[in-house]
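Just so we're aligned: 179 in the UniProt record's numbering is position 179 of the sequence shown, and the numbers increase by one with no gaps anywhere.
What follows is a set of notes on a single structure, which appears directly below.
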Amino acid sequence: MSQKTETKKEEFRKYLESAGVLDALTKVLVGLYEEPEKPNDPLVVRWTSFLKQQLHGGLPEPVDAEMLRRENEELQRKNRELEAKVVELTAAPDEVFYTCAWTFDQETGESLLAIARTEGNYQNHRSFSGHGNAINELKIHPNNPELLLSASKDHALRFWNLKTSVCVAIFGGVEGHRDEVLSSDINPSGTLILSCGMDHSLKVWDMESLELKNVVQESYKYQRGIKKFEVTNCDIWYIRFCLDRLYETLVLGNQVGKIYMWDLTGEDPSRGKPHLLTHSKCTAAIRQVTVSRDGNMLLSVTDAGTVWRWDRRETKK
Numbered sequence: 001m002s003q004k005t006e007t008k009k010e011e012f013r014k015y016l017e018s019a020g021v022l023d024a025l026t027k028v029l030v031g032l033y034e035e036p037e038k039p040n041d042p043l044v045v046r047w048t049s050f051l052k053q054q055l056h057g058g059l060p061e062p063v064d065a066e067m068l069r070r071e072n073e074e075l076q077r078k079n080r081e082l083e084a085k086v087v088e089l090t091a092a093p094d095e096v097f098y099t100c101a102w103t104f105d106q107e108t109g110e111s112l113l114a115i116a117r118t119e120g121n122y123q124n125h126r127s128f129s130g131h132g133n134a135i136n137e138l139k140i141h142p143n144n145p146e147l148l149l150s151a152s153k154d155h156a157l158r159f160w161n162l163k164t165s166v167c168v169a170i171f172g173g174v175e176g177h178r179d180e181v182l183s184s185d186i187n188p189s190g191t192l193i194l195s196c197g198m199d200h201s202l203k204v205w206d207m208e209s210l211e212l213k214n215v216v217q218e219s220y221k222y223q224r225g226i227k228k229f230e231v232t233n234c235d236i237w238y239i240r241f242c243l244d245r246l247y248e249t250l251v252l253g254n255q256v257g258k259i260y261m262w263d264l265t266g267e268d269p270s271r272g273k274p275h276l277l278t279h280s281k282c283t284a285a286i287r288q289v290t291v292s293r294d295g296n297m298l299l300s301v302t303d304a305g306t307v308w309r310w311d312r313r314e315t316k317k
């Protein structure tokens, strides 16, 4: 270190000593560890306050190990919940997904994902079929999350009601595209649809017509007549069901020898609990069932080469 620098340091030290700063700092440092009597010197008080603030402000807060452990367990729990909610979308090896669109259920607030496949349909919590070829584009209506527009290789666009699974409208025909529709979109006000296709054309479709508005409103009143009946152990495709002569009873066997019978006379038969016919020696797949004309006898045939007969028994009231 140069002589000039040493001289300046010595001069600065003498200045601090003459001003009482060094003495004040010494008392402050002693006070931080030995808790002396409260100083009366304003300079000592000021420096004590400053150094305590700097020292305590610069040190990290004490770490609570138990709190960190609880927080870590909570994060791991949430991560497991998220992993459990992940849905894997599977398809055939040669399947291709071309497009998708986010929307949500207005009643539950749950997010829904619509996916278009090369088979010409797309699905979320419901499936929709109608297009004759793969779908290139999906768009949600900007003002109504329950309306979905699809553009397909079958030269047409379709408008769907996601709530009722109804195809509201088909945009195509004489004034439509002559080749596959590549892309489409809806303007922010929801009054126009713009589409483009492989036929080198752009089409603008009017959404404000009274006829289309009425059709959209009517689509919410549609009631699906198709019901789903859940049957366990029924994965093989060739199992035939049977209806009685009056179409009041539905009968179906499964691949482990059980027969399910549903009463179709109720308001919603698919929600009713089926009557189950079982026998300890009947464990093979039931390929077909049939009900006699008077409804009092049921026959079933199985993969074991056996025929089973079931007779109706009247219960006494």
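Note that the Cβ used here is the ideal one computed from N, Cα and C, for glycine as well.
Being a predicted model, the structure only gives us computed values, none of them experimental.
**Q.** Assigned exposure category for A169 - 16 Cβ within 10 Å defines buried
**A.** So A169 counts as buried.
Q) Quick one: what does DSSP say T191 is sitting in, helix, strand or coil? A) coil
Q) Whose CA, out of I193, G197 and C242, lies closest to the CA of S209? A) The shortest C-alpha separation from S209 is found at I193.
(Q) Measuring only the C-alpha atoms, how far is Y122 from Y220? (A) No answer about Y122 holds up, because its pLDDT of 46 lies below 50 and its placement is not dependable.
Q | Interface flag, V289 vs chain C, CB-CB below 8 Å | A | In the displayed structure, chain C is absent; only one protein chain is listed.
Q) Which ranges would you report for the beta strand (DSSP E) in the stretch 252–281 if only whole runs of at least 3 residues count? A) 259–263 and 275–277
Q: In angstroms with no decimal places, state the Cα-to-Cα distance between A114 and N79.
A: Going by the C-alpha atoms only, they are around 25 Å apart.
Q. Taking just the CA atoms, how far does F159 sit from C167?
A. 6 Å
Q) Where does S292 fall in DSSP's three states? A) Here S292 sits in coil by DSSP.
Q: Output the boundary residues of the beta strand (DSSP E) element that contains N136.
A: I135 to H141
Q) Helix, strand or coil for N144 per DSSP? A) strand
Q) Using the beta-carbon count (16 or more within 10 Å), is V289 buried or exposed? A) buried
Q | Terminal residues of the beta strand (DSSP E) in which K203 lies | A | Segment L202 to D206, the beta strand (DSSP E) holding K203.
Q. Using the rule of at least 16 other Cβ atoms within 10 Å of the residue's Cβ for burial, across every protein chain shown, is K258 buried or exposed?
A. buried
Q: Below 6 Å CB to CB, which residues in the same chain sit around H275 once its five sequence neighbours on both sides are set aside?
A: M261.
Q) What are the boundary residues of the beta strand (DSSP E) that N161 is part of? A) L157 to N161
Q | Reference S127, options D268, L112 and E137, closest by Cα | A | L112
**Q.** DSSP three-state assignment for R287, whether helix, strand or coil
**A.** strand
Q | For T302, three-class secondary structure by DSSP | A | strand
Q: Compute the beta-carbon to beta-carbon distance between E146 and N161, rounded to the nearest angstrom, for a pair I have assumed lies under 8 Å.
A: Taking the Cβ atoms as the reference, E146 lies roughly 6 Å from N161, within the contact range of under 8 Å.
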